[in-house]
Amino acid sequence: MLQIETWKRVLIWALVAAGLVLAAPNLFYSRVETHNDAVSAIEKSGATPEREAAAAQWPSWLPSDLVNLGLDLRGGAHLLAEVKVADVYTSRMEALWPDVRDILRDARDEVGTVRLQPSEPGTLRVRISNPEGMARALELVRGLAQPVVSLTGAGATDLQVAGEGSDIVVTFSEAEKQATDERTMRQSLEIIRRRIDEVGTREPTIQRQGADRILIQVPGIGSAAELKDIIGTTAQLTFQPVVSRTTNPNESAGVGNEILPSLTEEGVYYVLEQAPVVTGEELVDAQPSFDQNGRPAVNFRFNPAGARKFGDYTAENIGSPFAIVLDDEVISAPVIQSHIPGGSGIITGNFSVEESTNLAVLLRAGALPAGLEFLEERTIGPELGQDSIEAGKLATGVAFTAVLVFMFLSYGLFGIFANIALILNIALIMGILSMIGATLTLPGIAGIVLTVGMAVDANVLIFERIREELKSARGPARAIELGYEKALSAIVDANITTFITAVILYAIGSGPVRGFAITLGLGIVTSVFTAIWVTRLLLVMWFERRRPRTLEI
Amino acid sequence: MRHLRLVKDGTSFDFFKHWKLWLGISGFMILLAMTSFGLRGLNYGIDFRGGTTIRTESAQPVDVGAYRDAIGALELGDSTISEVFDPTFGPEQNVAMVRIQAQDDQEAVSAETVAAVEAALQGVAPDIKFVSVESVGPKVSGELIQTAFLAVGLAIGAVLIYIWLRFEWQFALGAVLALVHDVLLTIGVFSEVGIKFDLAIIAALLTIVGYSLNDTVVVFDRVRENLIKYKKRPLKEVLNLSINETLSRTIMTSLTTLLALFALFALGGDVIRGFVFAMIWGVFVGTYSSIFVASAILLWLGVKRDWSKPDAAAEAKAAGTSV
Numbered sequence: 444m445l446q447i448e449t450w451k452r453v454l455i456w457a458l459v460a461a462g463l464v465l466a467a468p469n470l471f472y473s474r475v476e477t478h479n480d481a482v483s484a485i486e487k488s489g490a491t492p493e494r495e496a497a498a499a500q501w502p503s504w505l506p507s508d509l510v511n512l513g514l515d516l517r518g519g520a521h522l523l524a525e526v527k528v529a530d531v532y533t534s535r536m537e538a539l540w541p542d543v544r545d546i547l548r549d550a551r552d553e554v555g556t557v558r559l560q561p562s563e564p565g566t567l568r569v570r571i572s573n574p575e576g577m578a579r580a581l582e583l584v585r586g587l588a589q590p591v592v593s594l595t596g597a598g599a600t601d602l603q604v605a606g607e608g609s610d611i612v613v614t615f616s617e618a619e620k621q622a623t624d625e626r627t628m629r630q631s632l633e634i635i636r637r638r639i640d641e642v643g644t645r646e647p648t649i650q651r652q653g654a655d656r657i658l659i660q661v662p663g664i665g666s667a668a669e670l671k672d673i674i675g676t677t678a679q680l681t682f683q684p685v686v687s688r689t690t691n692p693n694e695s696a697g698v699g700n701e702i703l704p705s706l707t708e709e710g711v712y713y714v715l716e717q718a719p720v721v722t723g724e725e726l727v728d729a730q731p732s733f734d735q736n737g738r739p740a741v742n743f744r745f746n747p748a749g750a751r752k753f754g755d756y757t758a759e760n761i762g763s764p765f766a767i768v769l770d771d772e773v774i775s776a777p778v779i780q781s782h783i784p785g786g787s788g789i790i791t792g793n794f795s796v797e798e799s800t801n802l803a804v805l806l807r808a809g810a811l812p813a814g815l816e817f818l819e820e821r822t823i824g825p826e827l828g829q830d831s832i833e834a835g836k837l838a839t840g841v842a843f844t845a846v847l848v849f850m851f852l853s854y855g856l857f858g859i860f861a862n863i864a865l866i867l868n869i870a871l872i873m874g875i876l877s878m879i880g881a882t883l884t885l886p887g888i889a890g891i892v893l894t895v896g897m898a899v900d901a902n903v904l905i906f907e908r909i910r911e912e913l914k915s916a917r918g919p920a921r922a923i924e925l926g927y928e929k930a931l932s933a934i935v936d937a938n939i940t941t942f943i944t945a946v947i948l949y950a951i952g953s954g955p956v957r958g959f960a961i962t963l964g965l966g967i968v969t970s971v972f973t974a975i976w977v978t979r980l981l982l983v984m985w986f987e988r989r990r991p992r993t994l995e996i
Numbered sequence: 099m100r101h102l103r104l105v106k107d108g109t110s111f112d113f114f115k116h117w118k119l120w121l122g123i124s125g126f127m128i129l130l131a132m133t134s135f136g137l138r139g140l141n142y143g144i145d146f147r148g149g150t151t152i153r154t155e156s157a158q159p160v161d162v163g164a165y166r167d168a169i170g171a172l173e174l175g176d177s178t179i180s181e182v183f184d185p186t187f188g189p190e191q192n193v194a195m196v197r198i199q200a201q202d203d204q205e206a207v208s209a210e211t212v213a214a215v216e217a218a219l220q221g222v223a224p225d226i227k228f229v230s231v232e233s234v235g236p237k238v239s240g241e242l243i244q245t246a247f248l249a250v251g252l253a254i255g256a257v258l259i260y261i262w263l264r265f266e267w268q269f270a271l272g273a274v275l276a277l278v279h280d281v282l283l284t285i286g287v288f289s290e291v292g293i294k295f296d297l298a299i300i301a302a303l304l305t306i307v308g309y310s311l312n313d314t315v316v317v318f319d320r321v322r323e324n325l326i327k328y329k330k331r332p333l334k335e336v337l338n339l340s341i342n343e344t345l346s347r348t349i350m351t352s353l354t355t356l357l358a359l360f361a362l363f364a365l366g367g368d369v370i371r372g373f374v375f376a377m378i379w380g381v382f383v384g385t386y387s388s389i390f391v392a393s394a395i396l397l398w399l400g401v402k403r404d405w406s407k408p409d410a411a412a413e414a415k416a417a418g419t420s421v
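Have a look at this one:
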């Protein structure tokens, strides 16, 4: 009657053992964390005696995956950024103008003269003086279009060219916009990831959300503002010829020129030629260093194309100043002393060591293709996280003890079986959380506490049912069997419906809510397993040994 | 050893003597809750209406008036300052929450605004620490509130379908009306007490939905079983019997869950207190609604009594041999 096949027993104990082993590292959290950090440091940059010693703190044959602590527990910063993908259209349209100009200029006899018109962002508006040549002009400009490089946009071209009176209006096609947006997002993600990795923090989360958003979570960082400084600076580096130096910010700069403030000298402005000689995109390396006077500076090196342009320019303009411009501010404007042929140079300014290091990081990582707008930012201090962990531990401990005592008082020996299952249940949740690398948040702890309360529900259902079946004066073995059998449909229905809500929470929620959904959902799965299989196995083992005539429940 | 028995064996409370009255009371409570919601509205956190909250900590006692004056001078529009009390705080731990409304035509949150507020507060309490700073722009908060309602709606919809498939449509309707009852009463309590309503509360609402449902399903499962067992007894008696039979389990589970939740409420810190409060409330209304809303509606709508219809011959045989 009351039988569980041997292979099932082995499987149940194997699953429980696996859960316990996976959960074990969390009991020695800081020790295992030191071990993990040391192991990754050795992998990255070689072994040192200290690292070896740190790595030896935890045996390498044991699992070393830990539950990640969420920002609300560890402290750190959270940012939700929107990438302004449309920025890219504008800069690409600007780059298209010289091509359009050249191709129409070659057909001057038919279309007349060509002039650039002021146009809204992302479009190019060109006026021709001879509207009769419009058909020819459109044909020529359309010839510039390229096929769209993407799976969905196959067969489409990137430009839409239309005539409006004597104006030619060029915009990007929808397919091209989509393909561009996709590229912009990938590039932004990659650059943000590289910048954060350069700073070397632990387990950052950098995820794309929806069409044009990026979620960034970095544990252990001081504030969201600090994080924004690392990723938000676009680091557009250009080298531009200097026209003049002024103190009047409203001075008219002249066609093709712009006026930019100096970073270091207050009230000083430079008039610069808009077209840069070289840009940061042609940099291959940048390192923090010191100049000949021992002040912090940044060394940089160009790729061959950049090096040639830079070399030619310096050769032709010895004695005149040129400006090093970072994000529309002039860092410095040295006078070219001699021809610089090697393609490397040094940027000096009034940097601190930290600033020069950051600048080097930013230059190395490259420029973000589009601007970022921050929609959400959260900073949680490490003290608050520590308080929350302490409070969570205490509350979970008390909740746990209260439930254990209550179950024992209500069901005696059976209560002890349920309690063992409950303890294993928590171990299994922690083990699975560690294995899948999930993140434990404060609501997640609440989810576990709730699971503690609700996990006993399945056992309560079974025990109450056994009590009822005992009343119908069947033998104890039959009563236990019927109790499990008849309680099953209620247990299954009740847990599936709760599981449905957990899944919806996970799918729709974000951040802490998601953490709650994970522990709740996992808790349901493990509690059904421990309640149905583990307590049953314990009961059967006890029953086989004692063969009681009556049950005390 | 005598075990603790909270509910005596073989109870026979008549839960449905005044079932119309109970339904009326539930309806009235919903009306009250919605009136409170209409009049007072919810105390939305920044998740749902945008803005910035700063949590401060200082060894000196919090002087709300001085804080208010310092921030008022910055002219940032509507701002609230409240002191936070919690038994888990140490003696040198004086905590306050400062909330500043979303600034006009600013999607992104300005670091300067936060820095200005922090500087102003440092003027009042030099040792002040800013243990958490959170800002949500109006664009995101609008979306968050939409997805929150969507989540609750979807959860209730999914449950409706599941119970319909597993039981009958009357059961599904009863369960879902009980859920709506629970959610609306919870919203009513939040608007009346003025506890901050944020994303975590939505999670709590969905858990209440899950818990209440758990309870209702256990009762319904027994109702279904008894309907098959007692084909001729009036529905009212079958419902009463089912609820009495499951009463012991209902009380046990509510109590264990409440034990855990009260521990969290008292010791879990103030950050999740609102969340835990919602769940404690949910356990009470959820347990109440499984009996006095879900089952009462079942009684009202009536159910199919003949659960063996597809096989008429077997039914006749069973009727002949059992009873």
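Top to bottom, those sequences are chains A and B. If you want the numbering used here, it's the position in the first sequence, counting the first as 1, plus 443. If you want the numbering used here, it's the position in the second sequence, counting the first as 1, plus 98. Ideal Cβ positions, reconstructed from N, Cα and C, are used throughout, including at glycine.
Sequence-distant residues of its chain with Cβ nearer than 6 angstroms to residue i (five each side left out)
i	result
Gln621 (chain A)	none
Gln1009 (chain A)	Nothing in the structure corresponds to residue 1009 (chain A), since chain A is present only between 444 and 996.
Ser787 (chain A)	Arg744
Gly858 (chain A)	Met850, Phe851
Arg989 (chain A)	none
C-alpha gap between residue i and residue j, whole angstroms
i	j	result
Gly785 (chain A)	Trp540 (chain A)	32 angstroms
Ala950 (chain A)	Phe269 (chain B)	27 angstroms
Leu876 (chain A)	His478 (chain A)	19 angstroms
Ala498 (chain A)	Trp504 (chain A)	12 angstroms
Ser687 (chain A)	Ala599 (chain A)	47 angstroms
Pro332 (chain B)	Ala392 (chain B)	18 angstroms
Phe84 (chain B)	Gly143 (chain B)	As shown, chain B starts at 99 and ends at 421. That puts residue 84 (chain B) outside it, with no answer to give.
Asp368 (chain B)	Ala861 (chain A)	32 angstroms
Ser230 (chain B)	Ile975 (chain A)	43 angstroms
Gly887 (chain A)	Thr962 (chain A)	6 angstroms
Val983 (chain A)	Ala901 (chain A)	17 angstroms
Ala766 (chain A)	Val685 (chain A)	6 angstroms
Thr314 (chain B)	Ile306 (chain B)	12 angstroms
Ala702 (chain A)	Glu816 (chain A)	Strictly speaking, residue 702 (chain A) in this sequence is Ile, with Ala absent from that position. Going by the C-alpha atoms only, they are around 25 angstroms apart.
Gly139 (chain B)	Asp112 (chain B)	38 angstroms
Arg452 (chain A)	Glu911 (chain A)	27 angstroms
Glu669 (chain A)	His521 (chain A)	11 angstroms
Ala930 (chain A)	Glu155 (chain B)	51 angstroms
Gly328 (chain B)	Lys334 (chain B)	The residue asked about is misnamed: residue 328 (chain B) is Tyr in this sequence, not Gly. Using only the alpha carbons, I get a separation of about 12 angstroms.
Ser483 (chain A)	Val796 (chain A)	27 angstroms
Neighbour flag for residue i against chain A, beta carbons, 8 angstroms
i	result
Phe113 (chain B)	no
Gly149 (chain B)	no
Thr355 (chain B)	yes
Ala298 (chain B)	yes
Ala217 (chain B)	no
Ile243 (chain B)	no
Thr284 (chain B)	no
Per DSSP, cross-strand counterpart(s) of residue i
i	result
Ala922 (chain A)	None, per the DSSP bridge assignment.
Thr962 (chain A)	BP columns for Thr962 (chain A) are empty, so no partner.
Tyr142 (chain B)	B:Phe295
Asn511 (chain A)	A:Thr882
Residue i at chain B interface by Cβ criterion, 8 angstroms
i	result
Phe959 (chain A)	yes
Gly665 (chain A)	no
Lys671 (chain A)	yes
Cβ neighbours of residue i in the same chain (closer than 7 angstroms, five flanking residues each side left out)
i	result
Val531 (chain A)	Thr623, Thr627, Pro812, Ala813
Gly418 (chain B)	Below a pLDDT of 50, predicted positions are generally treated as unreliable, and Gly418 (chain B), at 42, falls in that range; the measurement from the model is reported next regardless. Cβ neighbours of Gly418 (chain B) beyond the five flanking positions: none.
Lys752 (chain A)	Val720, Val721
Close Cβ partners of residue i (< 8 angstroms) along its chain, the five nearest in sequence each way excluded
i	result
Phe986 (chain A)	Leu445, Pro919, Ala920, Ile923
_Report the start-end ranges of each beta strand (DSSP E) in the stretch 715-777 of chain A that is 3 residues or longer and not cut off at the edges._
726-733, 739-745, 765-769, 772-775
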